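Below is one structure, written out as structure tokens; comments come after it.
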Amino acid sequence: MTTWTKVTGDFDFLNGYFDVHHRRLKDAFVGCDEWTEDDGTTTAHTYFDGAISIDEMRFPGRGSYGLSLRVFDPTAKLWSIWWVSSTTMTLYPPVRGEWSTDGSRCRMVGDDTHEGKPILCSYEWSDITDETAHWEQAYSNDGGETWETNWIMDFTRRDTPPPALDVPKLTDDFDFLVGRWSFHNRRRRPVLGEPHEWYEHDATLQATTYFDGAISFDEGWFPSEGFRGATFRLYSPETRTWSIHWINSTRGHLETPVIGSFENGTGTFEGPDEWDGQPIDVRFLWTPGTDKAAWEQAFSTDNGQTWTPNWHMTHTRLD
122 MTTWTKVTGD
132 FDFLNGYFDV
142 HHRRLKDAFV
152 GCDEWTEDDG
162 TTTAHTYFDG
172 AISIDEMRFP
182 GRGSYGLSLR
192 VFDPTAKLWS
202 IWWVSSTTMT
212 LYPPVRGEWS
222 TDGSRCRMVG
232 DDTHEGKPIL
242 CSYEWSDITD
252 ETAHWEQAYS
262 NDGGETWETN
272 WIMDFTRRDT
282 PPPALDVPKL
292 TDDFDFLVGR
302 WSFHNRRRRP
312 VLGEPHEWYE
322 HDATLQATTY
332 FDGAISFDEG
342 WFPSEGFRGA
352 TFRLYSPETR
362 TWSIHWINST
372 RGHLETPVIG
382 SFENGTGTFE
392 GPDEWDGQPI
402 DVRFLWTPGT
412 DKAAWEQAFS
422 TDNGQTWTPN
432 WHMTHTRLD
């Protein structure tokens, strides 16, 4: 059995509910000094005992959501942060960085675009207390020589959950998974090649949704395997497909996604990846259910003509 060791608590301060005051610069890179202001809320939670942080923002005046997915790399000791807006339902390019040694502030920078042109984007947290926090976003169009702040958030803790947004529900595909599950794993070793054997182990899972079902997230505990696993699923209303990313606690980054949808009661999701230095295709199959569900992973080395199943999960609901 594995004893989990907490590797970071950097974003534990954000757990819970907050009222958020937003100030946004009207236009970037034009010398604008006009700001708009509005109020919203956020709900935040950590996973992997602090090494994943997710907060869901609600913008009632805009009728939209925003979500930050933060993943800690335990080897590099760096955070990567992806932003998702419900208006686009895509992952924005990540910013990466770390907290100061005294934990008082952090700065994270990444590549982005503005009006089709490449820029740098930065996030900065500061003024952290038990009840408040401050965040700023800035852009640079000269390689980081100068920066223009364009979005400021001030957080104030609240005691009760924020009210839900009154917006249309996009999908309920993964609502079946919400809650706690035990699941039995049957895995192929090695995942490709011969000879092979199958081994078995048990694990548990906790799943939730964000954006009223359009984002699905679950955290799995694999005590006999020495890691935790998480899955981040993002729905595209334009294509009616899901992008599914796996996160392994020992690596601390988003894996290459598989993409697909549900049809005739089965979810099929496929995408390119690499195993042991060779290109492969990966396929996930989901069979949903109320109290029982099933998942299968398979690899292909011939562009999907044949598949080798290597991991089966059989889920049983706990609550």
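Under my numbering, the letters of the sequence shown match residues 122 to 440, in that order.
Idealized CB from N, CA, C, for every residue including glycine.
Bear in mind the structure is a predicted one, so any value in this text is a computation, not a measurement.
For residue j and residue i, the rounded distance between their alpha carbons
i, j, result
"Val141", "Leu135", "12 Å"
"Arg372", "Phe169", "12 Å"
"Lys290", "Asp333", "6 Å"
"Thr163", "Glu340", "21 Å"
"Met122", "Phe150", "Residue confidence is low: Met122 scores 48 on pLDDT, short of 50, so the model does not pin down where it sits. No coordinate-derived value is stated."
"Gly265", "Leu241", "7 Å"
"Leu355", "Ser207", "10 Å"
"Arg228", "Ser221", "8 Å"
"Tyr448", "Gly410", "Outside the shown range of the chain (122 to 440) lies residue 448, about which nothing can therefore be said."
"Thr277", "His255", "9 Å"
"Asp232", "Pro400", "27 Å"
"Ser370", "Gly350", "6 Å"
"Asp223", "Trp246", "13 Å"
"Arg179", "Tyr186", "5 Å"
"Leu326", "Met274", "33 Å"
"Gly381", "His235", "29 Å"
"Trp268", "Ser357", "32 Å"
"Thr389", "Asp148", "42 Å"
"Glu417", "Thr427", "15 Å"
"Pro282", "Glu177", "12 Å"
"Glu257", "Tyr244", "6 Å"
"Arg66", "Thr211", "In the structure as shown, the chain starts at 122 and stops at 440, and residue 66 therefore has no counterpart that could be examined."
"Met195", "Lys413", "The identity of residue 195 in the sequence shown is Pro, whereas the question assumes Met. Whole-angstrom Cα-Cα distance: 34 Å."
"Thr429", "Glu318", "13 Å"
"Arg270", "Asp263", "The sequence given here has Thr at residue 270, not Arg. C-alpha separation (whole angstroms): 14 Å."
"Glu359", "Thr209", "9 Å"
"Pro344", "Asp154", "54 Å"
"Pro393", "Gly152", "44 Å"
"Thr253", "Ala165", "14 Å"
"Trp125", "Leu190", "22 Å"
"Pro284", "Ile336", "18 Å"
Bridge partners - residue i, DSSP secondary structure assignment
i, result
"Ser303", "Thr325, Thr437"
"Asn369", "Gly350"
"Trp416", "Trp407, Met434"
"Ala259", "Ser243, Thr270"
"Trp428", "Trp428 is not bridged to any residue."
"Glu219", "Arg228"
"Asp296", "Asp296 is not bridged to any residue."
"Asp275", "His142, His255"
Range covered by the beta strand (DSSP E) that runs through residue i
i, result
"Trp396", "387 to 396"
"Ala149", "First-last for Ala149: undefined, no H or E at that position."
"Gln399", "399 to 408"
"His235", "227 to 235"
"Leu135", "Taken as a continuous stretch (DSSP letters only), Leu135 belongs to no beta strand (DSSP E), as it is neither H nor E."
"Leu241", "238 to 247"
"Tyr186", "185 to 194"
"Gly381", "379 to 384"
"His166", "156 to 168"
"Phe180", "173 to 180"
"Trp203", "199 to 206"
"Asp339", "336 to 343"
Check whether residue i and residue j have beta carbons under 8 Å apart
i, j, result
"Ile202", "Ser225", "no"
"Asp402", "Gly425", "yes"
"Glu376", "Trp363", "no"
"Phe353", "Phe338", "yes"
"Trp407", "Thr387", "yes"
"Leu286", "Gly184", "yes"
"Gly182", "Asp159", "yes"
"Arg404", "Ala419", "yes"
"Arg438", "Gly300", "yes"
"Ala324", "Trp342", "yes"
"Gly171", "Lys198", "no"
"Val379", "Glu395", "no"
"Trp272", "His436", "no"
"Thr330", "Asp296", "yes"
"Arg308", "Asn431", "yes"
"Val230", "His374", "no"
Assumed close pair residue i, residue j - CB separation to whole angstroms, cut-off 8 Å
i, j, result
"Ile173", "Leu188", "That pair is no contact at about 12 Å."
"Trp204", "Tyr213", "4 Å"
"Thr167", "Phe132", "6 Å"
"Glu321", "His305", "7 Å"
"Asp294", "Phe383", "5 Å"
Any non-hydrogen atom of the ligand FAD within 7 Å of residue i CB
i, result
"Ala172", "Ligands in the displayed structure: none, and consequently the ligand FAD is not present."
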